[in-house]
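**Student:** Protein sequence lines correspond, in order, to chains A and B.
Counting with the numbering used here, you get residues 1 to 373 for the letters of the first sequence.
Counting with the numbering used here, you get residues 1001 to 1373 for the letters of the second sequence.
Glycine residues also receive a C-beta, built at the ideal position from the N, C-alpha and C atoms.
Let me give you the structure first, and then I'll get to my questions.
Protein chains: 2
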Amino acid sequence: MGQPPTTLRDIAKSLGTSIGTVHRALHDNPGVSPATKAKVLQMARSLGYRPNLAARYLSSRKTLRISVNTLQGTTSFWDEVRTGIREEAASILLENVEIEFRTCARLGEGEEAALEAAIREKVDGIIIFPSRPETLRSSIKRASRARIPVVCVATDAANSGRLGIVAVDTLASGSIAADLMGRFLNGKNGSVAITVFEMAITEHAEKYTAFDSTLKAFYPNLRVLKPVEDHDLEKEAYRKCRKLFEEHPDLAGIYVTTEASIPVLQAARDADLLDRLTVITTDLFPDLVPHIRSGAVVATIYQRPRAQGQMALRMLHEFLAEGARRSHQVSLAPHLVMRGNLDFFLRRQSEESSRERGPVVREAMHDLTEDLA
Amino acid sequence: MGQPPTTLRDIAKSLGTSIGTVHRALHDNPGVSPATKAKVLQMARSLGYRPNLAARYLSSRKTLRISVNTLQGTTSFWDEVRTGIREEAASILLENVEIEFRTCARLGEGEEAALEAAIREKVDGIIIFPSRPETLRSSIKRASRARIPVVCVATDAANSGRLGIVAVDTLASGSIAADLMGRFLNGKNGSVAITVFEMAITEHAEKYTAFDSTLKAFYPNLRVLKPVEDHDLEKEAYRKCRKLFEEHPDLAGIYVTTEASIPVLQAARDADLLDRLTVITTDLFPDLVPHIRSGAVVATIYQRPRAQGQMALRMLHEFLAEGARRSHQVSLAPHLVMRGNLDFFLRRQSEESSRERGPVVREAMHDLTEDLA
DNA sequence: GGAAGTTTCGTTAACGTTTACGGTTCCGGA
DNA sequence: TCCGGAACCGTAAACGTTAACGAAACTTCC
């Protein structure tokens, strides 16, 4: 058990060639004939060669530059995602990661330009939130062709050649929301509503489907209404909900899958049915806290932004370090926050990643409102 | 931004001494006078020296031996914990971890002997489940004195000098169970029971307290009974529950915090009140699945054994690698499993950590029934 | 006062990889 | 024939740390 791992020298010796040639062959650098290259590759495989990352890093002293393209926000989902990324970067033993944040001020504004900027500056990897997957697909493809791996967070960009995706499992989210809704309503009849960002986004459609089918399967006396699309716009959410409440006097519950839960609550209050409505929301932000505490929101599905950030960086770093991905798809289980355990989550959010280690990860901020002038 | 980090040579040069002396001083190896040692330490601090782990590992080629002392079990909590540890060990870039499993067949049997064995063989670190903290306290103290860091999983061993503890947050668990129980019972009156392993174990007492106080705070019409102690023994759980059901005909729900939920369900069935009882359990194992599917168990609090294992190994490895701990206490948020999202968790349990990378982590099994003959 | 031992410290060869540079060959063109 | 330049390959010096080997200087003891 445990003979010493094979090194470049081993390969060279058993081939009667030199370390330099082996190295060039393995990295397909120029200056090696196709014949010897094939022999080297063959021998490396048969000896089970795996590079020693410590030696590699020590020798080259290259740092991996990673661009993180997300939305602006304070004490919000994306701040937490970034914190998770920072934490994970700080916990990398080989301190060879450098993070560049490219933050967009508003949904869909300048996302493509930011991504192009990252590609142009030849970063080694990209973590991105593709709020509108279609508009970014071609840029992500371009990154892949430039051999820059791209990891999506929260929303997937299908058929774009991205390396992987980290998100909360939509099925688990929608189903648990449905199951809770059914239990909370406890045999009542009536209709149940659900708001989504937009049904064209796969994730949101899936959440709806999961919610709908779970409710149908276990609570047949509840009826799921056509989804309300709010596009994360407060006014749109409010307006559509007021309309919804008027049209469906038998409404018993509503599941808000977007961050626009405040206007929904406001609409319910203004329609005077806040206490008759079972409300399940998504995520956890300061404005929502009092509503959970008061019981107006019975539960919220927390999408664990910090964990998403951590996993995204991990996936990217593993790929960059080892050249092979272990998984392309990380589906996190959402957390359930209610009155009882609310404080636990608030406490943990406020713990700002007690960084005793000093600034081991070099960071750069790119304010895109300037960059794109 | 980002001048090159200071090295041993830097320290040596600015002190007019040699690299060897600096090294000896920083590791308090023998052969360096107290005076120069002080100077070196001083200079290292003022230059902000931080060792280059890549170089260290490359040079010494030492592997860290970690003993994992847990309970036996197949498709059980502890199997998942071990899987988590393995996964995390495999994802360490410097492949310098070697894991030795010392598995005890039964609760409390041979735990101390296994721990002593690990200490005797001078492992570099220990992950342990102290099922009976008091009986292990002195052994853990001995390990700490031998400079072997010990990380506890699932149950803490207080005042033992252990490096840290990884567990599910007891407050979050008890509170969410109470909150769900209250919502599910939806205004009903009656009493609610809770079973624990033993109130002497801090974690279990805390879960009870959290359950009790949350229920009192939000659902005052429910009354929490005195906790049932089952010591994870099937017969004891069954017997005590039958008695409980007889004595409290108004029992509306029960929260099982141990793994002994099957006998509780059996007792409820035999007492013919399975369908009148709201049952919330703990963890997720094959025998429990049909009961969740049938609705007999409305929800189970999943303690995320895999995540516990991962975090434990991470904590230990970070300490061994860097000599400083970032956190001593990791409190995980439990997951909530219901009918709706059950399949998601089962699928993820069965994914056996698709290991493409081959056996990079050398493992050793220590069957203690042999070792202790 | 010198042999023998101790304490303190400097030197150097690893570890496995990257990278720059210096050699070979071999071929076409003068 | 000789030169210029590819194309291919070997060599050796880094990278920062560890660990082993000695070389001093200083003690102790006969």
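At which residue ranges does the segment 278 to 335 of chain A contain complete beta strand (DSSP E) runs of 3 or more residues, listed in the order of the chain?
**Tutor:** Qualifying beta strand (DSSP E) stretches, in chain order: 278 to 282, 297 to 302, 329 to 332.
**Student:** Just the C-alpha distance for Asn52(A) and Glu322(A), rounded to the nearest angstrom, thanks.
**Tutor:** Numbered from 1 along the first sequence, position 52 holds the residue referred to as residue 52(A). Numbered from 1 along the first sequence, position 322 holds the residue referred to as residue 322(A). One C-alpha to the other measures close to 10 Å.
**Student:** Judging by CA-CA distance, which residue of His204(A), Pro34(A), Asn189(A) is the nearest neighbour of Pro220(A)?
**Tutor:** Translated into positions along the first sequence, residue 220(A) becomes position 220. Minimum Cα distance to Pro220(A) is reached at Asn189(A).
**Student:** Quick one, which of Glu121(A), Ala90(A), Arg242(A) has its alpha-carbon nearest Ser67(A)'s?
**Tutor:** For this step, residue 67(A) is matched to residue 67 along the first sequence. The shortest Cα separation from Ser67(A) among Glu121(A), Ala90(A), Arg242(A) belongs to Glu121(A).
**Student:** Secondary structure at Gly1073(B), three-state DSSP: helix, strand or coil?
**Tutor:** Taking the first residue of the second sequence as position 1, residue 1073(B) is located at position 73. Looking at Gly1073(B) - three-state DSSP - the assignment turns out to be coil, as it is neither helix nor strand.
**Student:** Would you call the segment 1222 to 1236 of chain B and the segment 1247 to 1258 of chain B in contact, with 3 or more CB pairs under 8 Å?
**Tutor:** With the cut-off at 8 Å, the segment 1222 to 1236 of chain B and the segment 1247 to 1258 of chain B touch.
**Student:** What residues in the segment 305 to 319 of chain A bring their beta carbon closer than 9 Å to a beta carbon of chain B?
**Tutor:** Within the segment 305 to 319 of chain A, the qualifying residues are Arg314, His317, Glu318.
**Student:** Take Leu1265(B) and list the residues in its own chain whose beta-carbon comes closer than 8 Å to its own, dropping the five residues that flank it on each side.
**Tutor:** Looking up residue 1265(B) in the second sequence gives position 265. Closer than 8 Å at Cβ, skipping near neighbours: Leu1274, Val1279, His1291, Ala1296, Val1297.
**Student:** Mapping DSSP to helix, strand and coil, what is Thr195(A)?
**Tutor:** Locating residue 195(A) in the first sequence gives position 195, where the first residue counts as 1. Strand, per DSSP.
**Student:** Measuring only from the beta carbon, is Tyr208(A) closer than 7 Å to any heavy atom that is part of the ligand FMN?
**Tutor:** Looking at this structure, you won't find the ligand FMN or any other ligand, since it has none at all.
**Student:** How is the beta strand (DSSP E) around Thr103(A) delimited, first residue to last?
**Tutor:** The residue you call residue 103(A) lines up with position 103 of the first sequence. That run of the beta strand (DSSP E) goes 97 to 104.
**Student:** Name the DSSP beta bridge partners of Ala217(A), please?
**Tutor:** For this step, residue 217(A) is matched to residue 217 along the first sequence. None, per the DSSP bridge assignment.
**Student:** Please classify Asn1096(B) as buried or exposed, where buried requires at least 16 neighbouring CB atoms within 10 angstroms.
**Tutor:** Translated into the one-based positions of the second sequence, residue 1096(B) becomes position 96. When all chains shown are included, Asn1096(B) counts as buried.
**Student:** Run through chain A and tell me which residues come within less than 8 Å of Asn1186(B), C-beta to C-beta.
**Tutor:** Your numbering for residue 1186(B) matches position 186 in the second sequence. Near Asn1186(B) (Cβ distances below 8 Å), the residues of chain A are Phe184, Asn186.
**Student:** Measure the Cβ-Cβ separation of Pro334(A) and Val168(A) and say whether it is below 8 Å.
**Tutor:** By 1-based counting over the first sequence, the position of residue 334(A) is 334. By 1-based counting over the first sequence, the position of residue 168(A) is 168. Yes, the Cβ-Cβ distance between Pro334(A) and Val168(A) is below 8 Å.
**Student:** Using only alpha-carbon positions, find the residue among Val1196(B), Ile1165(B), Arg1056(B) that is nearest to Leu94(A).
**Tutor:** Here residue 94(A) corresponds to residue number 94 of the first sequence, with the count starting at 1. For Leu94(A), the nearest C-alpha among the options comes from Arg1056(B).
**Student:** Check the Cβ of Met338(A) against every Cβ in chain B and list those closer than 7 Å, keeping chain order.
**Tutor:** Position 338 of the first sequence holds residue 338(A). Ordered by position in chain B, the residues that pass the 7 Å Cβ test against Met338(A) are Ile1176, Asp1179.
**Student:** With distances taken Cα to Cα, identify the nearest neighbour of Met1315(B) among Ile1126(B), Phe1344(B), Phe1184(B).
**Tutor:** On the second sequence, position 315 is the one that residue 1315(B) refers to. Checking every option, the nearest Cα to that of Met1315(B) belongs to Ile1126(B).
**Student:** What's the gap between the Cα of Ser144(A) and the Cα of Val1150(B)?
**Tutor:** Against the first sequence, residue 144(A) aligns to sequence position 144. Against the second sequence, residue 1150(B) aligns to sequence position 150. Approximately 44 Å, taken between the alpha carbons.
**Student:** Identify the contact partners of Asn1221(B) in chain A, using a Cβ-Cβ distance below 7 Å as the criterion.
**Tutor:** Stepping through the second sequence from its first residue, residue 1221(B) is reached at position 221. Residues of chain A passing the Cβ test: none, with the nearest at roughly 15 Å.
**Student:** So for Gly190(A), helix, strand or coil by DSSP?
**Tutor:** Here the question's residue 190(A) lines up with position 190 in the first sequence. Gly190(A): strand per DSSP, three-state reduction.
**Student:** For a test of the three-state rule: what should DSSP assign to Glu109(A), helix, strand or coil?
**Tutor:** The sequence position of residue 109(A) within the first sequence is 109, counting from 1. Glu109(A): coil per DSSP, three-state reduction.
**Student:** Mark Arg1102(B) as exposed unless 16 or more other C-beta atoms lie within 10 angstroms of its C-beta, in which case mark it buried.
**Tutor:** Here residue 1102(B) is taken as the residue at index 102 of the second sequence, counted from 1. Looking at its Cβ environment, which holds 16 or more other Cβ atoms inside 10 Å, Arg1102(B) is buried.
**Student:** Applying a beta-carbon distance threshold of less than 8 Å, which residues of chain B neighbour Leu58(A)?
**Tutor:** Position 58 of the first sequence, counted from the start, is the residue given in the question as residue 58(A). Per Cβ cutoff of 8 Å: Asn1052, Ala1054, Ala1055, Leu1058.
**Student:** For a contact defined as C-beta to C-beta under 7 Å, what are the partners of Asp169(A) on chain B?
**Tutor:** Position 169 of the first sequence, counting from 1, holds the residue named residue 169(A). Neighbours of Asp169(A) on chain B, chain order: Phe1344.
**Student:** Pick helix, strand or coil for Arg1162(B), following the three-state DSSP scheme.
**Tutor:** The sequence position of residue 1162(B) within the second sequence is 162, counting from 1. Reduced to three states, the DSSP call for Arg1162(B) is coil.
**Student:** By the 10 Å Cβ neighbour count, where 16 or more other Cβ atoms means buried, how is Pro1004(B) classified, buried or exposed?
**Tutor:** Taking the first residue of the second sequence as position 1, residue 1004(B) is located at position 4. Classification of Pro1004(B): exposed, given that the 10 Å Cβ count is below 16.
**Student:** What would DSSP say about Ser1350(B), mapped onto helix, strand or coil?
**Tutor:** Within the second sequence, residue 1350(B) is the residue found at index 350, counting from 1. Reduced to three states, the DSSP call for Ser1350(B) is helix.
**Student:** List the residues of chain A that Ser1091(B) touches, going by C-beta distances under 9 Å, in chain order.
**Tutor:** Within the second sequence, residue 1091(B) is the residue found at index 91, counting from 1. The contacting residues are Arg314, Glu318, Arg326.
**Student:** DSSP on Arg355(A), reduced to helix/strand/coil?
**Tutor:** Here residue 355(A) refers to the residue found at position 355 of the first sequence. The pLDDT assigned to Arg355(A) is 46, lower than 50, so where the model puts this residue is not dependable; a value taken from the coordinates is nonetheless given after this. Coil at Arg355(A), not helix or strand.
**Student:** For Phe1101(B), decide whether its Cβ has a neighbour in chain A, counting only Cβ atoms nearer than 8 Å.
**Tutor:** For the purposes of this step, residue 1101(B) is identified with residue 101 of the second sequence, where counting begins at 1. Answer no: the Cβ-Cβ gap between Phe1101(B) and chain A never drops below 8 Å.
**Student:** With a cut-off of 8 Å, does the C-beta of Val1298(B) fall near any C-beta of chain A?
**Tutor:** Your numbering for residue 1298(B) matches position 298 in the second sequence. Output row for Val1298(B): interface = yes.
**Student:** Mind checking which residues open and close the beta strand (DSSP E) that includes Val40(A)?
**Tutor:** What you label residue 40(A) is simply residue 40 of the first sequence in a count that begins at 1. No beta strand (DSSP E) holds Val40(A); the alpha helix (DSSP H) holding it covers 34 to 47.
**Student:** How close, in whole Å, do the beta carbons of Ile1176(B) and Leu336(A) come, if the pair is a contact with beta carbons under 8 Å?
**Tutor:** Here the question's residue 1176(B) lines up with position 176 in the second sequence. Here the question's residue 336(A) lines up with position 336 in the first sequence. Their Cβ separation, rounded to whole angstroms, is 7 Å, which keeps Ile1176(B) and Leu336(A) in contact under 8 Å.
**Student:** By DSSP, does Gly253(A) sit in helix, in strand, or in coil?
**Tutor:** In the first sequence, counting from the first residue as 1, residue 253(A) sits at position 253. Residue state, collapsed to three classes: strand.
**Student:** In three-state terms, what does DSSP make of Asp156(A)?
**Tutor:** Taking the first sequence and counting its residues from 1, the one referred to as residue 156(A) is at position 156. Correct three-state label for Asp156(A): coil.
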